[in-house]
Amino acid sequence: MRPLKLLALLLVLGGTGTAFLVYDQQFLSEGWRTQIASALGGPVLSRREEILRYQLRLLEDERQRAGTSVDPVLLDELRKSRNMLVVLLRDQQEADTRVTEYLKQMWEAEGRVRVATMGMDSDSVTVLVSWPIQPGYGISAGFKDPEYEQLFGFEHNAIDIPVKQGSPIHAAADGTVEAVVDHGMGYNYLILKHPGYATLYGHVLSFGVGEGQEVKEGQVIGQSGGRKGTPGAGEISTGPHLHFEI
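Next comes the structure, spelled out in structure tokens:
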């Protein structure tokens, strides 16, 4: 079935349907660097324990959703993730180092999106995209979600779509693969370049495309991740989901 067509604005707000959005390229470029610098200065690090305990609760919720017939491999992954979080709760310096590195990787991703759109006539671009992943569980964090900012200490310039770990990620529109960035256990992401804009897919578990490759709307480009302690999740992740930016 062809993915549901929707407008970027409605997607950001968690809505469905089809409409049009005039997209301002400057929207993401202003202020984000300041936020990251500020976050590195303390707000995120001061929330370290709260964030880690929140992630522990997410792991427990995921285990309970799996029920009694939980896959042994999943159970082992959840156990390893939980053990890692417990260690980080005890080792503040290591936790701070990892969070700082994660924030730098996020800023790198934002910078690469801006580079991908440099020179584009993007002052007034109509953006029409498909769901990059089937939103079976709704939207867990919206665009500039105030609860997200309250917990993590910086704005959320995307939407988070919760899905099962390893779900297929689809290209939201026809385009070219601008970047495939693998930070191992850090923040892994893909950037696709489209006419006048770019899309970013964050917390990628595995990649199915290479840089420079042409892709079609709906084509599988990778698998989603996000579970703490697995490739692509990084240090600030809200469990299995896809982070999607336009």
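Residue numbering for the sequence shown follows the numbering used here, starting at 19 and increasing by one per position.
Cβ coordinates follow ideal geometry from the N, Cα and C atoms, glycine included.
Grab me the residues of residue i's own chain with a C-beta within less than 6 Å of its C-beta, minus the 5 sequence neighbours each way, in chain order.
i, result
"Lys211", "Ala134, Gly193, Thr194, Glu196"
"Asp200", "Asn206"
"Tyr155", "Pro180"
State the start and end residues of the unbroken beta strand (DSSP E) segment that holds residue i.
i, result
"Ala197", "193–199"
"Ile254", "Run containing Ile254: none; DSSP gives neither H nor E here."
"Phe262", "259–263"
"Val222", "222–225"
"Tyr207", "207–212"
"Ser242", "238–242"
Thinking C-alpha only, which one of the options is nearest residue i?
i, options, result
"Ala176", "Gly184, Ser185, Pro164, Gln237", "Pro164"
"Gly322", "Gly156, Leu208, Arg245, Glu126", "Since the first residue of the chain shown is 19 and the last is 264, residue 322 is not available in this structure."
"His259", "Asp178, Phe225, Leu223", "Asp178"
"Met124", "Ser224, Val181, Gly220", "Gly220"
"Pro180", "Gly202, Asp114, Glu126, Ala251", "Ala251"
"Glu263", "Ile151, Asp114, Lys122, Glu78", "Ile151"
Would you kindly work out how many angstroms separate the C-alpha atoms of residue i and residue j, rounded to a whole number?
i, j, result
"Ala218", "Gly240", "Note that residue 218 corresponds to Leu in the displayed sequence, not to Ala. Cα to Cα, the separation comes out at about 12 Å."
"Gly257", "Thr248", "10 Å"
"Met16", "Pro186", "As displayed, the chain neither begins before 19 nor continues past 264, which places residue 16 out of reach and without an answer."
"Gly204", "Glu253", "7 Å"
"Val131", "Ala216", "7 Å"
"Glu119", "Pro90", "31 Å"
"Lys246", "Leu146", "32 Å"
"Gln183", "Arg83", "13 Å"
"Leu76", "Ser242", "17 Å"
"Ser255", "Ser158", "12 Å"
"Gly35", "Val117", "Reliability of the predicted coordinates at Gly35 is poor, the pLDDT of 34 falling under 50, and the value obtained from them is presented with this limitation in mind. Going by the C-alpha atoms only, they are around 37 Å apart."
"Val222", "Asp114", "23 Å"
What does a CB cutoff of less than 8 Å around residue i pick up in its chain, not counting 5 residues either side in sequence?
i, result
"Val233", "Ala189, Asp192, Gly193, Thr194, Val195, Leu210, Val227, Ile239"
Any chance the CB of residue i is under 7 Å from a heavy atom of the ligand SAH?
i, result
"Asp94", "As far as ligands go, the structure on display features none, and thus does not contain the ligand SAH."
Worksheet item: Going along the chain, which unbroken runs of the beta strand (DSSP E) with 3 or more residues stay wholly within the segment 121–178?
Response: Scanning the segment 121–178 for uninterrupted beta strand (DSSP E) segments of 3 residues or longer gives 146–148, listed from N- to C-terminal end.
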